[in-house]
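Let me begin by presenting the structure, written as structure tokens, before commenting on it.
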Amino acid sequence: IRLYSSQKISVETDTKSPSFLVLSQSFLPGWKAKIDGVRIPVYRTDYILSGVVVPRGKHEVSFYYQPLSFLIGLANFGLGVIIIMIWGIKVWLKKRLA
């Protein structure tokens, strides 16, 4: 294990045959994984854990937490900022032209 934090886990593997890496990390839909920078699926393992298929050889496996709710919240925030800016410009123009 190279890095272990609440939102990112990085593991270095070296296997002689294809393997299945299981983390004692709770499976949640927001967890994503990459092997050597290429996105791979994360599987629910033993009902609660997270696992990925790792090809043979030496690889860097990275897990990162990116829930859909965060992306939806970020999009809503951006939309809100745009709406407030448009409203502010309209009010400013209305006062300026009156």
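For what it's worth, the numbering used here labels the leading residue of the sequence shown as 74, then goes sequentially.
A virtual CB, placed ideally from N, CA and C, is assigned to each residue, including glycine.
Original post:
Should Val126 and Thr86 be called a contact, given that it needs their Cβ atoms to be closer than 9 Å?
Top reply: By 1-based counting over the sequence shown, the position of residue 126 is 53. By 1-based counting over the sequence shown, the position of residue 86 is 13. No, they are not a contact pair.
Original post:
In three-state DSSP terms, what is Arg169?
Top reply: Looking up residue 169 in the sequence shown gives position 96. Helix at Arg169.
Original post:
Does the stretch 90 to 100 come within contact of the stretch 110 to 130, defined as at least 3 CB pairs closer than 8 Å?
Top reply: yes
Subject >> Cβ-Cβ distance between Arg117 and Phe100 below 9 Å >> reply: As a first step, residue 117 must be located in the sequence shown, where it is residue number 44. As a first step, residue 100 must be located in the sequence shown, where it is residue number 27. Inclusion of Arg117 and Phe100 in the CB contact set at 9 Å is warranted, their separation being smaller than that value.
**OP:** Consult DSSP for Leu101 and reduce its assignment to one of helix, strand or coil.
**Re:** Within the sequence shown, the letter at position 28 stands for residue 101. Three-state DSSP puts Leu101 in coil, outside helix and strand.
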